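Asks:
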Amino acid sequence: MIVCHCHVVNDRAVSDSIERGARTLSQICRATGAGRDCGACIFSVKRLACEHESRVFSALPEVEVAAS
Amino acid sequence: MQPASPRVVELLNDALTFELTVTNTYFLHARMMDNWGLPRLGKVFYDLSIEEMRDADALLSRILMFDGHPNVQRLNAIQVGERPEEMLSLAFESEKAAVAQFNTAANECHDLADHGTAAMFEDMVREEEKHADWFEGQLDAIQRVGAAQYLAQQIDPGARPE
Numbered sequence: 001m002i003v004c005h006c007h008v009v010n011d012r013a014v015s016d017s018i019e020r021g022a023r024t025l026s027q028i029c030r031a032t033g034a035g036r037d038c039g040a041c042i043f044s045v046k047r048l049a050c051e052h053e054s055r056v057f058s059a060l061p062e063v064e065v066a067a068s
Numbered sequence: 001m002q003p004a005s006p007r008v009v010e011l012l013n014d015a016l017t018f019e020l021t022v023t024n025t026y027f028l029h030a031r032m033m034d035n036w037g038l039p040r041l042g043k044v045f046y047d048l049s050i051e052e053m054r055d056a057d058a059l060l061s062r063i064l065m066f067d068g069h070p071n072v073q074r075l076n077a078i079q080v081g082e083r084p085e086e087m088l089s090l091a092f093e094s095e096k097a098a099v100a101q102f103n104t105a106a107n108e109c110h111d112l113a114d115h116g117t118a119a120m121f122e123d124m125v126r127e128e129e130k131h132a133d134w135f136e137g138q139l140d141a142i143q144r145v146g147a148a149q150y151l152a153q154q155i156d157p158g159a160r161p162e
């Protein structure tokens with residue numbers, strides 16, 4: 001299933017990036033290229049990440065470091 | 001004409017978003033099926049895409065009748081299958097989601113005493129139920145005869161280039 005249409009990224013690429021160590025939404029996007037253009041797929045990518053590893057992503061941060 | 005409540009226009013716009021999303025998805029799926037040499041499945045998706053577009057048209061017209069603004073910019077996430085079986089399964093899930101959404105919308109409209117809009121949602125529920133059932137049947141057939149046998153029936157053997 002293709003989720004990011006700008007960079008043609010499918011659900012397997014998202015899962016693979018998590019398997020390879022991506023732990024935040026931005027790491028997944030950097031690793032796969034998803035969500036880096038129009039951004040419309042961000043919530044689909046997030047849902048896939050949550051479904052893939054609910055343990056690891058039970059508290060998925062939107063960003064790695066919050067602005068202080 | 002003013003709606004029973006502004007919520008009615010929101011419900012119509014939510015349904016419009018859904019219909020526009022599936023119109024685009026089915027249209028792309030149709031042409032991908034054609035490209036893979038499965039024109040019979042392609043025709044089904046093409047016809048469904050046009051049907052969903054007609055639903056979008058009816059919703060849009062009703063929003064305008066209520067002096068609301070139809071939102072044609074908003075789309076849900078578009079999920080494109082990479083194999084014919086996956087496309088059928090995504091379509092089945094999306095039709096089931098449509099039935100749930102339109103049933104809820106019909107209920108809300110009845111509560112708001114807008115039975116005209118409720119009836120429209122009810123018609124759409126019956127239509128989407130038929131689509132969901134058809135997709136479910138295709139997935140059952142794949143289970144029974146296997147994907148290869150099923151897909152062999154979707155080829156048009158005598159077709160020539162246009």
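If you're matching them up, the sequences are chains A and B in order.
Take 1 as the starting number for the first sequence in our numbering and just add one per residue.
Take 1 as the starting number for the second sequence in our numbering and just add one per residue.
For each residue, glycine too, the CB sits at the ideal point set by N, CA and C.
Treat the numbers as computed from the prediction; the structure is a model and nothing was measured.
Among all the DSSP beta bridges, which residues are the ones paired with Val-80/B?
Replies: Partner(s): Ile-2/A.
Asks: State the start and end residues of the unbroken alpha helix (DSSP H) segment that holds Glu-127/B.
Replies: It spans 115-145 - the alpha helix (DSSP H) in which Glu-127/B sits, taken as one unbroken run.
Asks: Please classify Asn-71/B: does DSSP put it in a helix, a strand, or coil?
Replies: In this structure, Asn-71/B counts as coil in the three-state DSSP scheme.
Asks: How big is the Cα-Cα spacing for Gly-33/A and Gln-2/B?
Replies: Their backbone Cα atoms lie some 46 Å apart in a straight line.
Asks: Under a Cβ-count criterion, where at least 16 other Cβ atoms within 10 Å of its own Cβ denotes burial, should Gly-137/B be classed as buried or exposed?
Replies: So Gly-137/B counts as exposed.
Asks: For the alpha helix (DSSP H) holding Pro-39/B, just list the boundary residues, first then last.
Replies: 39-65 is the extent of the alpha helix (DSSP H) around Pro-39/B.
Asks: Let's test the definition: count the other Cβ atoms within 10 Å of the Cβ of Val-125/B and tell me whether it reaches 16, buried, or not, exposed.
Replies: Answer is buried; the Cβ neighbour count reaches 16.
Asks: Within the continuous alpha helix (DSSP H) that includes Val-24/A, where are the two ends?
Replies: The amino acid at residue 24/A is misidentified as Val; the sequence shows Thr. Unbroken run through Thr-24/A: none, as it is neither H nor E.
Asks: Grab the span of the alpha helix (DSSP H) containing His-29/B for me, first residue to last.
Replies: Element bounds for His-29/B: 6-35.
Asks: I'd like the span of the alpha helix (DSSP H) that includes Arg-47/A, first residue to last.
Replies: Run containing Arg-47/A: 42-52, per the alpha helix (DSSP H) assignment.
Asks: Does the distance from the CB of Leu-16/B to the CB of Leu-64/B come in under 8 Å?
Replies: Not closer than 8 Å, so no.
Asks: If the criterion is Cβ atoms closer than 8 Å, does the pair Phe-121/B and Ala-106/B meet it?
Replies: In contact: Phe-121/B and Ala-106/B (Cβ atoms closer than 8 Å).
Asks: Going by DSSP, what residues sit across from Asn-10/A in a beta bridge?
Replies: In DSSP, Asn-10/A forms a bridge with Ile-2/A.
Asks: When the Cβ atoms of the segment 94-102 of chain B are set against those of the segment 137-151 of chain B, are three or more pairs found closer than 8 Å?
Replies: The segment 94-102 of chain B is not in contact with the segment 137-151 of chain B.
Asks: Determine the burial state of Gly-42/B: buried for a count of at least 16 other Cβ atoms within 10 Å of its Cβ, exposed for fewer.
Replies: Under this definition Gly-42/B is a buried residue.
Asks: What residues in the segment 56-87 of chain B bring their beta carbon closer than 7 Å to a beta carbon of chain A?
Replies: If the cut-off is 7 Å between Cβ atoms, the segment 56-87 of chain B has Ala-77, Ile-78, Gln-79, Val-80, Gly-81, Glu-82, Glu-86 near chain A.
Asks: Label Gln-79/B either buried or exposed according to how many other C-beta atoms from any shown protein chain fall within 10 Å of its C-beta, with 16 as the threshold for buried.
Replies: By the neighbour-count rule (16 or more Cβ atoms within 10 Å), Gln-79/B is buried.
Asks: Under 8 Å, Cβ to Cβ, is there at least one residue of chain B near His-7/A?
Replies: Answer no: the Cβ-Cβ gap between His-7/A and chain B never drops below 8 Å.
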